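Visitor: These protein sequences, in sequence, are chains A and B. Residue numbers are given in this note's numbering: position 149 of the first sequence equals residue 149, and the series is strictly consecutive. Residue numbers are given in this note's numbering: position 208 of the second sequence equals residue 1208, and the series is strictly consecutive.
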Amino acid sequence: MRLLVESRRTSTSSGNSGLLIEVNSLTKVFGHGNSQVNAVTDLSFSAKPGRVTGFLGPNGAGKTTSLRCLVNLVAPTTGSATFSGNSYHDLDQPAHSIGVSLGFTGIHPGRSAYSHLKVLATAAAISKSRIQVVLDQVGLTSAANRKAGSFSTGMKQRLSLATALLGDPGVLILDEPVNGLDPEGIVEIRHLLRGLAAEGRTILLSSHVLSEVEQTVDDVVIISSGKLVKDCTLGELVATTKSVVSVKSPNLEKFNSFEAGTVEILVDSIAIHGSSLAEVGHFAFINGIELHDLHEAKQDLEEVFLELTGS
Amino acid sequence: MLKQIRSEFQKIYTTRTWLGIIFASLIFSVMTVFAYAQIAGSMGMPNLNTSEMMTLLYGGAATGVALALILGVIGATSEYRYGTIDHTYLVQPKRYIVLYAKLLIHGIIGAILGLVAFALAYLATTVAVSGKDHAEISTGELFTIAMATIAAYAIYTMLGVAFGSLVRNQLVGVAATFVWIFIFERLLVVFTPDIGKWLPGGAVNGLFGVTAILNGGKYFDRSTSGALLIAYAIVLIGLSLFFTPRRDVS
Chain A
1 MRLLVESRRT STSSGNSGLL IEVNSLTKVF GHGNSQVNAV TDLSFSAKPG RVTGFLGPNG
61 AGKTTSLRCL VNLVAPTTGS ATFSGNSYHD LDQPAHSIGV SLGFTGIHPG RSAYSHLKVL
121 ATAAAISKSR IQVVLDQVGL TSAANRKAGS FSTGMKQRLS LATALLGDPG VLILDEPVNG
181 LDPEGIVEIR HLLRGLAAEG RTILLSSHVL SEVEQTVDDV VIISSGKLVK DCTLGELVAT
241 TKSVVSVKSP NLEKFNSFEA GTVEILVDSI AIHGSSLAEV GHFAFINGIE LHDLHEAKQD
301 LEEVFLELTG S
Chain B
1001 MLKQIRSEFQ KIYTTRTWLG IIFASLIFSV MTVFAYAQIA GSMGMPNLNT SEMMTLLYGG
1061 AATGVALALI LGVIGATSEY RYGTIDHTYL VQPKRYIVLY AKLLIHGIIG AILGLVAFAL
1121 AYLATTVAVS GKDHAEISTG ELFTIAMATI AAYAIYTMLG VAFGSLVRNQ LVGVAATFVW
1181 IFIFERLLVV FTPDIGKWLP GGAVNGLFGV TAILNGGKYF DRSTSGALLI AYAIVLIGLS
1241 LFFTPRRDVS
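1) Measure from the alpha carbon of B/G1075 to the alpha carbon of each residue in B/Q1092, B/S1042, B/L1159, B/E1136, then state which is nearest.
2) Spatial neighbours of A/R2 within its chain, please: CB distance less than 8 angstroms, with the 5 preceding and 5 following residues excluded, ordered by chain position.
3) Give the range of the beta strand (DSSP E) segment to which A/N38 is assigned.
4) Residues of chain A with a CB under 7 angstroms from the CB of B/Q1092: which are they?
5) Suppose you measure from the CA of B/A1062 to the CA of B/L1113; what does that come to, to the nearest Å?
6) Would you mind working out which of A/A284, A/V244, A/L277, A/E259 sits nearest A/L266, comparing C-alpha positions?
7) Tell me the rounded alpha-carbon separation between B/A1037 and B/I1070.
8) Reducing DSSP to helix, strand and coil, say where B/T1084 ends up.
9) Please tell me whether B/A1148 and B/V1033 are closer than 8 angstroms, where the distance is taken between their beta carbons.
10) Which residues in the same chain have their Cβ closer than 6 angstroms to the Cβ of A/K242, if we skip the five residues on either side of it in sequence?
11) Where DSSP assigns a beta bridge to A/N24, which residues make up the other side?
12) Under a Cβ-count criterion, where at least 16 other Cβ atoms within 10 Å of its own Cβ denotes burial, should B/F1143 be classed as buried or exposed?
13) Relative to the C-alpha of B/I1027, which residue among B/E1052, B/P1046, B/A1066 is closest?
14) Determine the closest residue to A/I21 out of A/A278, A/E296, A/S44, A/V178, with distance taken between C-alpha atoms.
15) Which ranges does the alpha helix (DSSP H) cover as unbroken runs of at least 4 residues, wholly within the stretch 1014 to 1053 of chain B, from first to last along the chain?
16) Using the DSSP secondary-structure output, state which residues sit across from A/V263 in a beta bridge.
17) Strictly below 9 angstroms CB to CB, what residues from chain B border A/R68?
18) Please classify A/A157 as buried or exposed, where buried requires at least 16 neighbouring CB atoms within 10 angstroms.
19) Name the two residues that bound the continuous alpha helix (DSSP H) containing B/G1164.
20) Cα separation between A/G50 and A/L166?
21) Given that B/G1083 touches chain A, what residues does it touch there, using C-beta distances under 7 angstroms?
22) Return helix, strand or coil for A/R8, following the three-state DSSP convention.
23) Chain A partners of B/R1168, CB-CB under 7 angstroms?
24) What three-state label does DSSP hand A/L166 in the structure shown?
25) Helix, strand or coil, according to DSSP, for A/S246 in the structure here?
26) Classify B/Y1089 as buried or exposed, calling it buried when 16 or more other Cβ atoms lie within 10 Å of its own Cβ.
27) Quick one: any contact between the stretch 68 to 88 of chain A and the stretch 1077 to 1097 of chain B, if contact means 3 or more CB pairs under 8 angstroms?
28) Along the chain, which unbroken stretches of the alpha helix (DSSP H) at least 4 residues long are found entirely within the stretch 1051 to 1081 of chain B?
29) For A/I186, which residues from the same chain have a beta carbon less than 8 angstroms from its beta carbon, with the 5 sequence-adjacent residues on both sides left out?
30) Buried or exposed: which applies to B/V1030, given that a residue is buried once 16 or more other Cβ atoms fall within 10 Å of its Cβ?
31) Kindly indicate which three-state DSSP category A/S291 falls into: helix, strand or coil?
32) Residues in the stretch 1001 to 1012 of chain B with C-beta within 7 angstroms of chain A's C-beta atoms, listed in sequence order?
33) If you draw a straight line from the C-alpha of A/A47 to the C-alpha of A/A260, how long is it?
34) Would you say A/P94 lies against chain B (beta-carbon separation less than 8 angstroms)?
35) Give the secondary structure of A/M1 by DSSP, where H, G and I count as helix, E and B as strand, and everything else as coil.
36) Determine the direct distance from the alpha carbon of A/T77 to that of A/N38, and round the result to whole angstroms.
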């Protein structure tokens, strides 16, 4: 963690400013005829500088295809994706402004972590001094000269993130960046990404598990079956969570006349949906109902995510 | 372009795959020379005291071009096998620049490999014919064979890169190369020389000035064979340049 903080300071001094990512009516169809697959359909969203945008959806929702369309690895069937108005293909030296990690693949097992980064630094005209900086940033300094083939999934994930950070870019596009990381690693990456966003960088990260990234993201873009189902701030998503008021009482039958919500009868209690704690408490007070327990439970954010994506 | 060329060179020397292929190629060339020297004068082969046979021996490295082709195929397909092509194209989205750099650096390595292969074939020939009655060939002819070896290795390595970029799948690429060179093309070149001389393998034989062939057939002369090889390279590289930027990397 100490290395992380030091390196964050380093990157602050030379950090590039973020760009606005805009995806407009993006559609990608693979195959032809009967084997045609609509991977992404009419997808539009944006990711803003200074914010971490979570690009969420279950496995197979079209997240990776969308990200690959964004960076020109996959050609959209229709629609476009731009960075402050420019397509990835048209950017001069894209690694200096946009860092991309597409998971823990893309690393030659026979090449050391240092060599992996050196090959890319050379092609992108990035100073070799950056290699040590990014290895520090992701906590891989001690493994710099080890062959990547001996790396754990978590270490490969870190190396992939180091690759994205190599050009000190203002935009980071990360596909499932915490996949395979241990809890400590997830916290480290969270702090790193929050720090980079605080510097004004644009961060777009995908995940199939909302709970993994809900402490990291500011905005959420949720897709399912290649289509947009929600584009809002995390706060707005939290506001949509439903609450359930739980009541224990020796006079539960008196709640039969409660009309401000739906009453669900449980074994030794009732659950009231669609009503607030105050409404239920007031009803009990004016009807002289003895209460043994009264509390409100918020719906889990993950449940909202699963509901939205139909998982 | 220059930085992409340097990066492509680093990709090669930061792994060890190429060492094995180059070593195999050189061993293959030397063994061919000794095998030819052993069967000279028998099995329909000319005697050592003919310039024809000595050309065959000094040009023994011609058989190693198969591995130069494999070197190129692996150079291109390993990017897809390990998914490193993602990073390559992310850093340089103009894919034709990547392909040009790959072709150039592999062509240079192929040329160097060809030079070393010729030097080894020369030494092996010297050892194999020492103490035996054998013909001498002129320095000019030796120089021509050296140039033919260098050119064949360079072109074959580049053909491998172009083919690998089209095929992408390493297993399919390497298997197809082996089947083509050691079975399909070999049969056509040996048994149907009128067809075989048009193939890259027949053109390599022609480039080396090899005239001995079954069924009384002949390969094209050196300049025609060289032009034919270059034509193959232009077509395959052209196809690769056309398709590579248009295909998804997913």
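Note that beta-carbon positions come from the ideal geometry of N, C-alpha and C, so glycine has one too. None of these values were measured; they are calculated from a predicted model.
Guide: Looking at the atomic coordinates:
1) Indexing the second sequence from 1 puts residue 1075 of chain B at position 75. Of the candidates B/Q1092, B/S1042, B/L1159, B/E1136, the one whose C-alpha sits nearest the C-alpha of B/G1075 is B/L1159.
2) Against the first sequence, residue 2 of chain A aligns to sequence position 2. Residue confidence for A/R2 is low, a pLDDT of 37 falling below 50, so the modelled location carries little weight; the figure read from the coordinates is stated next. Excluding residues within five positions, none has a Cβ falling inside 8 angstroms.
3) By 1-based counting over the first sequence, the position of residue 38 of chain A is 38. Counting along the chain, the beta strand (DSSP E) containing A/N38 begins and ends at 37 to 47.
4) For this step, residue 1092 of chain B is matched to residue 92 along the second sequence. Those within 7 angstroms of B/Q1092 in chain A are A123.
5) Mapped onto the second sequence, residue 1062 of chain B falls at position 62. Mapped onto the second sequence, residue 1113 of chain B falls at position 113. B/A1062 and B/L1113: Cα-Cα distance of roughly 12 angstroms.
6) Taking the first sequence and counting its residues from 1, the one referred to as residue 266 of chain A is at position 266. Looking at the Cα atoms, A/V244 is the closest of the given residues.
7) Residue 1037 of chain B sits at position 37 when you count from the first residue of the second sequence. Residue 1070 of chain B sits at position 70 when you count from the first residue of the second sequence. B/A1037 and B/I1070: Cα-Cα distance of roughly 26 angstroms.
8) Counting from one through the second sequence, the residue named residue 1084 of chain B turns up at place 84. Three-state DSSP puts B/T1084 in coil, outside helix and strand.
9) Counting from 1 along the second sequence, the entry for residue 1148 of chain B is found at position 148. Counting from 1 along the second sequence, the entry for residue 1033 of chain B is found at position 33. For B/A1148 and B/V1033, no; Cβs fall outside 8 angstroms.
10) Position 242 of the first sequence, counting from 1, holds the residue named residue 242 of chain A. Cβ neighbours of A/K242 beyond the five flanking positions: Q299.
11) Along the first sequence, read from residue 1 onward, the residue named residue 24 of chain A stands at position 24. In DSSP, A/N24 forms a bridge with A/S80.
12) Here residue 1143 of chain B refers to the residue found at position 143 when the second sequence is read from its first residue. B/F1143 should be labelled exposed.
13) To locate residue 1027 of chain B, count along the second sequence from 1; it is residue 27. Among B/E1052, B/P1046, B/A1066, the Cα nearest to that of B/I1027 is on B/A1066.
14) For the purposes of this step, residue 21 of chain A is identified with residue 21 of the first sequence, where counting begins at 1. Ranking A/A278, A/E296, A/S44, A/V178 by Cα distance to A/I21 puts A/S44 first.
15) 1017 to 1039
16) Within the first sequence, numbered from 1, the residue matching residue 263 of chain A stands at position 263. The partner list for A/V263 (beta bridge, DSSP) reads A/I272.
17) Numbered from 1 along the first sequence, position 68 holds the residue referred to as residue 68 of chain A. Going along chain B in sequence order, the residues near A/R68 (Cβ under 9 angstroms) are D1086, D1248, V1249, S1250.
18) On the first sequence, position 157 is the one that residue 157 of chain A refers to. Correcting the residue identity first, residue 157 of chain A is Gln in this sequence and not Ala. Looking at its Cβ environment, which holds 16 or more other Cβ atoms inside 10 Å, A/Q157 is buried.
19) Along the second sequence, read from residue 1 onward, the residue named residue 1164 of chain B stands at position 164. Here the alpha helix (DSSP H) through B/G1164 covers 1139 to 1167.
20) Start at 1 with the first residue of the first sequence, and residue 50 of chain A comes out as number 50. Start at 1 with the first residue of the first sequence, and residue 166 of chain A comes out as number 166. Each residue's alpha carbon lies about 19 angstroms from the other.
21) The residue given as residue 1083 of chain B occupies position 83 in the second sequence. Simply T105, G106.
22) The sequence position of residue 8 of chain A within the first sequence is 8, counting from 1. Per-residue confidence for A/R8 stands at a pLDDT of 41, beneath the threshold of 50, marking its modelled position as unreliable; the derived number appears in the next sentence. Helix at A/R8.
23) Here residue 1168 of chain B refers to the residue found at position 168 of the second sequence. In chain order: nothing, as chain A lies at least about 14 angstroms away.
24) Residue numbering aside, residue 166 of chain A sits at position 166 when the first sequence is read from its first letter. Of the three classes helix, strand and coil, the one that applies to A/L166 here is coil, per DSSP.
25) By 1-based counting over the first sequence, the position of residue 246 of chain A is 246. Three-state result, A/S246: strand.
26) Counted from its first residue, the second sequence places residue 1089 of chain B at position 89. Answer is buried; the Cβ neighbour count reaches 16.
27) yes
28) 1051 to 1058, 1065 to 1081
29) On the first sequence, position 186 is the one that residue 186 of chain A refers to. V178, E212, listed in sequence order.
30) Within the second sequence, the letter at position 30 stands for residue 1030 of chain B. Flag for B/V1030 reads buried.
31) Along the first sequence, one-based indexing puts residue 291 of chain A at 291. Note on identity: in this sequence residue 291 of chain A is Leu, with Ser being the wrong assignment. The answer is coil: DSSP assigns A/L291 none of H, G, I, E or B.
32) K1003, Q1004, R1006, S1007, Q1010, K1011
33) Mapped onto the first sequence, residue 47 of chain A falls at position 47. Mapped onto the first sequence, residue 260 of chain A falls at position 260. Approximately 39 angstroms, taken between the alpha carbons.
34) Counting from 1 along the first sequence, the entry for residue 94 of chain A is found at position 94. Yes, contact with chain B.
35) If you number the first sequence from 1, residue 1 of chain A lands on position 1. Low per-residue confidence applies at A/M1: pLDDT is 38, beneath 50, and the placement is therefore not dependable, though the value from the model is reported in the following sentence. The answer is coil: DSSP assigns A/M1 none of H, G, I, E or B.
36) In the first sequence, residue 38 of chain A corresponds to position 38, counting from 1. In the first sequence, residue 77 of chain A corresponds to position 77, counting from 1. Whole-angstrom Cα-Cα distance: 10 angstroms.
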